[in-house]
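Going by this note's numbering, the sequence shown opens with residue 1, and the numbers climb by one from there.
Heads up, the beta-carbon is just placed ideally off N, CA and C, and yes, glycines get one too.
Have a look at the structure below before the remarks.
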Amino acid sequence: MSQPHHREVQVEGPHYRIIPTKFPPINFFERFTPPELMEETFEIESLTNERLREQAGDLSHVAEADRVSGPGASVVMAAFTHTGFASRFTDGSYGVYYAARDLDTAIHETIYHRERFLGYTAEPPCELDMRVYKGSVLKALIDLRSETYGHLMQPDPDEYANSQAFAAQLRTTQCYGLLYPSVRNHGGECIAAFRPTAVSLPVQSKWLVYHWNGDHIDKVYEKKEILIDLKKHEAEEEQRLSLC
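Below is the structure:
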């Protein structure tokens, strides 16, 4: 039985992915390693680095031809090697790289999911450090922006069954991913990449802070350069006084 035809489009312009800063770059992926040698290198390094498997995840979830490495690669690869979390286009058995086509949409999307987690765990007021990564889409994606696919855009995560089944079927065709409308920011658009090679290696952009007031995230602001390093200032002052 033939697969139904879905229109593919080349996505122009940047995409933005926001992740917590508590997930630092994974050195194993940040180095340039040929895809055909990555598994062997991983096995050798894990013999002397007990935390490597925990940090890098399960490399077997990514086909050899789809493995990427180099600066920024850990942001992409980690989305596929760390599985077990269901989302709009996966039941948790495989990874998906999500991003938005503009920063505002990326912020709204991540606010929603951070609020769900913080509310579920009843976290007291706090601030979350988030890092923005900026990249581009390299491969054509299936276009889900028409009303034909409206049933896949349910806002409630408890209603993701249809979109998960749809994505699981498409993955068997080796497609690179999806372009779809955001349900968290009207007019915004998102991508869901099924293979690491669908996107470029992103570069670090802004550093954001999400303020959780105990009920919802009410502010997002950008961290910029340090104006005064008090520790450094105190050290310089002590040195100055010692010379007097």
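In the DSSP assignment, glutamate 147 falls outside any alpha helix (DSSP H) and carries neither an H nor an E. Take alanine 65, set aside five residues on each side of it, and the residues of its chain with a beta-carbon closer than 7 Å to its own are Pro35, in chain order. For the pair glycine 72 and glycine 135, the CB atoms are nearer than the 9 Å cut-off. In this structure, the CA atom of isoleucine 142 is about 52 Å from the CA atom of lysine 231. When the alpha-carbon of tyrosine 16 is set against those of Pro202, Val62, Thr197, Gln239, the nearest one is in Pro202. Of all C-beta pairs linking the stretch 102-110 to the stretch 180-194, three or more are shorter than 8 Å, placing the two stretches in contact. One Cα belongs to leucine 241, the other to arginine 131, and the distance between them is close to 39 Å. CA-to-CA, the gap between glycine 84 and asparagine 162 works out to about 18 Å.
Annotated three-state conformation of isoleucine 228 is coil, per DSSP. Around the beta carbon of tyrosine 120, a 10 Å sphere encloses fewer than 16 other beta carbons of the protein chains shown; the residue is thus reported as exposed.
Annotation: the stretch 53-81 contains the following complete segments of the alpha helix (DSSP H) (minimum length 4 residues), in chain order: 73-81. Nearest in C-alpha terms to valine 62, of all of Arg114, Met38, Ala100, Gln239, is Met38. Between aspartate 102 and threonine 81 the beta-carbon gap is near 27 Å, outside 8 Å, which marks them as no contact.
In the structure shown, the three-state DSSP call for aspartate 218 is strand. Isoleucine 44 counts as exposed, since fewer than 16 other C-beta atoms from the protein chains shown sit within 10 angstroms of its C-beta.
Closest by C-alpha distance to alanine 99, out of Phe117, Asp91, Val75, is Val75. Between the C-alpha atoms of aspartate 215 and tyrosine 221 there is a straight-line separation of about 18 Å. Judged by beta-carbon spacing, tyrosine 133 lies within the 9 Å limit of glutamine 204, meaning their Cβ atoms are closer than that value. In this chain, the alpha helix (DSSP H) harbouring arginine 116 covers 103-120. Ranked by Cα distance from serine 60, the first of Phe166, Ser93, Leu170, Val11 is Ser93.
Comparing alpha-carbon positions, the option among Ala235, Trp207, Glu237, Gln239 lying closest to lysine 224 turns out to be Trp207. Pairing asparagine 27 with proline 196, the inter-Cα distance amounts to about 17 Å.
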